[in-house]
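Just below is one structure, and these are the notes that go with it.
Protein chains: 2
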Amino acid sequence: MSAHSAAAGRAAPEILDALKHVVDPALRAAVDRLDDPRMRLIARYQMGWCDADGNPTRGGGKAIRPALAVLSAAAAGGRLDDGIPAAVAVELVHNFSLLHDDVMDRDVERRHRPTGWVAFGEAQAILAGTAMLTAAIEVLVAAGPTGERCLACLLDAIQRLIAGQSEDLEMEGRADVDVDDVLRMEAGKTAALLSCAASIGALAIGAPDEIVDGLAAYGYQIGIAFQLVDDILGVVGDPAETGKSSSSDVRAGKRSAPIVAALGGESDASQRLADLLAGGPPENDDDVALATRLIVEAGGVDWTAQEADARLAQAREHLDGLALPHRDAAADLATVADYIVTRGRVLNPSTR
Amino acid sequence: MSAHSAAAGRAAPEILDALKHVVDPALRAAVDRLDDPRMRLIARYQMGWCDADGNPTRGGGKAIRPALAVLSAAAAGGRLDDGIPAAVAVELVHNFSLLHDDVMDRDVERRHRPTGWVAFGEAQAILAGTAMLTAAIEVLVAAGPTGERCLACLLDAIQRLIAGQSEDLEMEGRADVDVDDVLRMEAGKTAALLSCAASIGALAIGAPDEIVDGLAAYGYQIGIAFQLVDDILGVVGDPAETGKSSSSDVRAGKRSAPIVAALGGESDASQRLADLLAGGPPENDDDVALATRLIVEAGGVDWTAQEADARLAQAREHLDGLALPHRDAAADLATVADYIVTRGRVLNPSTR
Numbered sequence: 040m041s042a043h044s045a046a047a048g049r050a051a052p053e054i055l056d057a058l059k060h061v062v063d064p065a066l067r068a069a070v071d072r073l074d075d076p077r078m079r080l081i082a083r084y085q086m087g088w089c090d091a092d093g094n095p096t097r098g099g100g101k102a103i104r105p106a107l108a109v110l111s112a113a114a115a116g117g118r119l120d121d122g123i124p125a126a127v128a129v130e131l132v133h134n135f136s137l138l139h140d141d142v143m144d145r146d147v148e149r150r151h152r153p154t155g156w157v158a159f160g161e162a163q164a165i166l167a168g169t170a171m172l173t174a175a176i177e178v179l180v181a182a183g184p185t186g187e188r189c190l191a192c193l194l195d196a197i198q199r200l201i202a203g204q205s206e207d208l209e210m211e212g213r214a215d216v217d218v219d220d221v222l223r224m225e226a227g228k229t230a231a232l233l234s235c236a237a238s239i240g241a242l243a244i245g246a247p248d249e250i251v252d253g254l255a256a257y258g259y260q261i262g263i264a265f266q267l268v269d270d271i272l273g274v275v276g277d278p279a280e281t282g283k284s285s286s287s288d289v290r291a292g293k294r295s296a297p298i299v300a301a302l303g304g305e306s307d308a309s310q311r312l313a314d315l316l317a318g319g320p321p322e323n324d325d326d327v328a329l330a331t332r333l334i335v336e337a338g339g340v341d342w343t344a345q346e347a348d349a350r351l352a353q354a355r356e357h358l359d360g361l362a363l364p365h366r367d368a369a370a371d372l373a374t375v376a377d378y379i380v381t382r383g384r385v386l387n388p389s390t391r
Numbered sequence: 040m041s042a043h044s045a046a047a048g049r050a051a052p053e054i055l056d057a058l059k060h061v062v063d064p065a066l067r068a069a070v071d072r073l074d075d076p077r078m079r080l081i082a083r084y085q086m087g088w089c090d091a092d093g094n095p096t097r098g099g100g101k102a103i104r105p106a107l108a109v110l111s112a113a114a115a116g117g118r119l120d121d122g123i124p125a126a127v128a129v130e131l132v133h134n135f136s137l138l139h140d141d142v143m144d145r146d147v148e149r150r151h152r153p154t155g156w157v158a159f160g161e162a163q164a165i166l167a168g169t170a171m172l173t174a175a176i177e178v179l180v181a182a183g184p185t186g187e188r189c190l191a192c193l194l195d196a197i198q199r200l201i202a203g204q205s206e207d208l209e210m211e212g213r214a215d216v217d218v219d220d221v222l223r224m225e226a227g228k229t230a231a232l233l234s235c236a237a238s239i240g241a242l243a244i245g246a247p248d249e250i251v252d253g254l255a256a257y258g259y260q261i262g263i264a265f266q267l268v269d270d271i272l273g274v275v276g277d278p279a280e281t282g283k284s285s286s287s288d289v290r291a292g293k294r295s296a297p298i299v300a301a302l303g304g305e306s307d308a309s310q311r312l313a314d315l316l317a318g319g320p321p322e323n324d325d326d327v328a329l330a331t332r333l334i335v336e337a338g339g340v341d342w343t344a345q346e347a348d349a350r351l352a353q354a355r356e357h358l359d360g361l362a363l364p365h366r367d368a369a370a371d372l373a374t375v376a377d378y379i380v381t382r383g384r385v386l387n388p389s390t391r
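Chains as they are written, first to last, in the working numbering: chain A, 40 to 391; chain B, 40 to 391.
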């Protein structure tokens, strides 16, 4: 509990950092249990713990999902530690999906480093992703009844994640996609696992259905908000901050929220954007810059930021409606929700 | 039990066919529970139940793994039905691995049809494979305590399967591979899941460790034998029977048992084969035919057939050493073991 008590009232980066330390030893132990040395190396690389030769590095993601998992155990009346196996499992599943999605999306850079398939080859990256997925389930099974209560939730999230990525790929370059299609796809691609993360700790401690469901609804809404902010960053984010190329979603021909919202408008900019993208993704830097400008002008970024704000408000409402026994942990959940939306504003002045 | 009792004393194809009918409804139900229509279509195609447009077809594999799973439940003193969730799970895992391996190996044909990634694209095939893997675990979780007893066994087999495929890919084209390397790789790639299949039904009914371990050892040996026979067919199999191109492993530059055994010999044929393969896989049909002839001449196929026979003998020993309560089911397990090795002989006169 100490890591949690100390975190109460603090800013989101401090909360996330403190909780990362709570989960990290178990997460590293789970990855180190991978028996095959090649799979273990790729998994460690994917986690940001080493370079492609296995030399230790400092890095890794923000670890929002494991933080939510341990906070949900605490908020529901348990200890942070009760959520650790679940936190490890969701973070492994998240990294499995990053590793596989980078292969499918042909993304070459993540967190300022070559993606897994670039570093180790496509086949080995696919295998390591599946090994991490399997390890996630092994962690829950090894945790006994506490973990077994979480299995169905995690498996359901994995299936939704897979379906969301499938839909995302299928939408690429399609002209007839509207914002409802995008939001449905993002519900699978991102919100399903965040919803699971935000409720799985409560499940682990056997919390009442009402609390589990409320936390899942909170997590679902911040999941949508999270992806919408990611979508904004994929259009107007600073490469130095995002670790990806500028306007990466524009270059990739993605049908992300700002792009689809911009295309759906009636302004001159919407029409010019549609004409520009009609023949496929823009191929040179000038056209990428023009498309990016038109997306902003046509209101695509504003629409997405407003939708993210609305989702944040819904997430806060779900949280406020719950009689969570541990108020400090509940406050941290609210802080993390705010952070997920504001990080887009910090990085990108145009959406302030 | 009726399907089993009727099967006792029958030939392997009849046993497999009867048991396929025992497992099939639950297997179809598990695939149909995949929520995403695209994932469901690809999974059904992979199972051989429909064409790429979803029109029903007759086909599918021999279903050896699910047969072993239900037989192991019966042999250990339970009912065939007790092994059904486990049988469904192992068959889904097997098909996940086929779908993913075909992507990695760039195999374009399986069971006389385009492979999944050829029919649906690489990314969607990867996603569908992972959806099938996840569905396998969902089946065990949904089965309650019976299924939960099987989870660790299946997850361990999946990790070994992944490690074996990783090793197989890493060995491709390497000159310094010996038969021990190949056998270790094949233990992961094939024997791990067959060992799991042959014992998971016994696990499901809570059979004593001695019986579970003995059945696992039997399954491990027939798994090695199975892969060795597959290796023979990959060199000298009849395309009309195997559903693959002739000498497919020779063309692909695989380091399978007959090839490595032939390269490890001291004969003139071994040396000529090494020279021929030194620059990579043979590129034209004449060189493929020559390589195939040299593999046979150098004794690679004979060595592999003898090793398969030795593994079969060990499998039978493990089986005979167990006091299995249900002798008919035990007899069927022995029949299936024989079949796994003899199918290579039926298809390939040179190894008779």
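Ideal Cβ positions, reconstructed from N, Cα and C, are used throughout, including at glycine.
Partner residues in a beta bridge of proline 184/A, as assigned by DSSP, do not exist. Rounded to the nearest angstrom, the gap between the Cα atoms of leucine 333/A and alanine 301/A is 8 Å. By the Cβ rule, the stretch 100-113 of chain A does not count as touching the stretch 157-172 of chain A, because fewer than three pairs are nearer than 8 Å. Counting only the Cα atoms, serine 285/A lies some 9 Å from leucine 272/A. Under the three-pair Cβ rule at 8 Å, the stretch 344-357 of chain B counts as touching the stretch 247-258 of chain B.
Between the C-alpha atoms of leucine 315/B and aspartate 326/B there is a straight-line separation of about 8 Å. Of the candidates Asp144/B, Arg199/B, Gly318/B, Tyr84/B, Arg199/B places its Cα closest to the Cα of threonine 169/A.
Proximity of valine 132/B to chain A, defined by a Cβ-Cβ separation below 7 Å, is not satisfied. Per DSSP, valine 274/A is one residue of the alpha helix (DSSP H) stretching across 248-275. Measuring C-alpha to C-alpha distances from alanine 125/A to each of Ala82/A, Ile244/A, Ala347/A identifies Ile244/A as the nearest.
In the DSSP assignment, the residues bridged to arginine 149/B are Arg152/B.
Note on geometry: alpha-carbon atoms of threonine 374/A and proline 247/A lie some 24 Å from one another.
Between arginine 49/A and valine 70/A, the CB-CB gap reaches or exceeds 7 Å.
Listed by position along chain B, the residues whose Cβ is nearer than 7 Å to that of valine 180/A are Leu190, Ala191, Leu194. The residue from Ile261/B, Leu363/B, Cys189/B with its alpha-carbon nearest to that of isoleucine 379/B is Ile261/B.
The closest CA to that of valine 268/B, considering only Ala202/B, Leu110/B, Asp377/B, is found on Asp377/B. DSSP links cysteine 89/A through a beta bridge to Pro95/A. In summary, arginine 382/A is buried, with 16 or more beta-carbon neighbours lying within 10 Å of its beta-carbon over all protein chains present. Below the 8 Å Cβ cutoff, chain B contributes no neighbours of threonine 229/A, its closest Cβ being approximately 16 Å away. Secondary structure within the stretch 164-215 of chain A: the alpha helix (DSSP H) runs of 4 or more consecutive residues, fully enclosed, are 184-210 (chain order).
For the set Ala214/A, Asp144/A, Val178/A, Leu329/A, the Cα lying nearest the Cα of leucine 193/A is the one of Val178/A. Cβ neighbours of leucine 363/B within its own chain (closer than 6 Å, five residues either side excluded): Ala114, Ala369. The beta carbon of proline 320/A sits closer than 8 Å to the beta carbons of Gly212, Val289, Arg290, Ala291, Gly292 from its chain, once the five residues preceding and following it are set aside; these are given in chain order. Histidine 133/A sits in a helix when the DSSP states are folded into three classes.
In the DSSP annotation of this structure, glutamate 305/B is not part of any alpha helix (DSSP H), being labelled neither H nor E.
When Cβ pairs closer than 8 Å are counted between the two stretches, the stretch 274-281 of chain A is seen not to touch the stretch 222-230 of chain A, the count staying below three. The C-beta separation of glycine 155/A from alanine 167/A comes to about 7 Å, placing the pair in contact by the 8 Å criterion. Straight across, the Cα-Cα distance linking arginine 311/B with alanine 337/B is about 9 Å.
Within its own chain, the residues whose Cβ lies closer than 6 Å to the Cβ of alanine 231/B, once the five positions on either side in sequence are excluded, are Ala196, Arg199, Leu200, listed in chain order. Per the coordinates, the alpha-carbon of threonine 281/A lies some 33 Å from the alpha-carbon of glutamate 209/B.
The stretch 116-123 of chain A makes contact with the stretch 234-243 of chain A; the number of CB pairs closer than 8 Å reaches 3 or more. Taking the C-beta atoms as reference points, valine 180/B is found nearer than 7 Å to alanine 191/A. In this structure, glutamate 130/A lies near leucine 66/A, with their beta-carbon atoms less than 7 Å apart. For glycine 339/B, the uninterrupted alpha helix (DSSP H) segment begins and ends at 339-359. Judged by beta-carbon spacing, leucine 107/A lies within the 7 Å limit of alanine 236/A, meaning their Cβ atoms are closer than that value.
Non-local beta-carbon contacts of leucine 329/B in its own chain, meaning distances under 8 Å to residues more than five positions away in sequence, involve Leu315, Pro321 in chain order.
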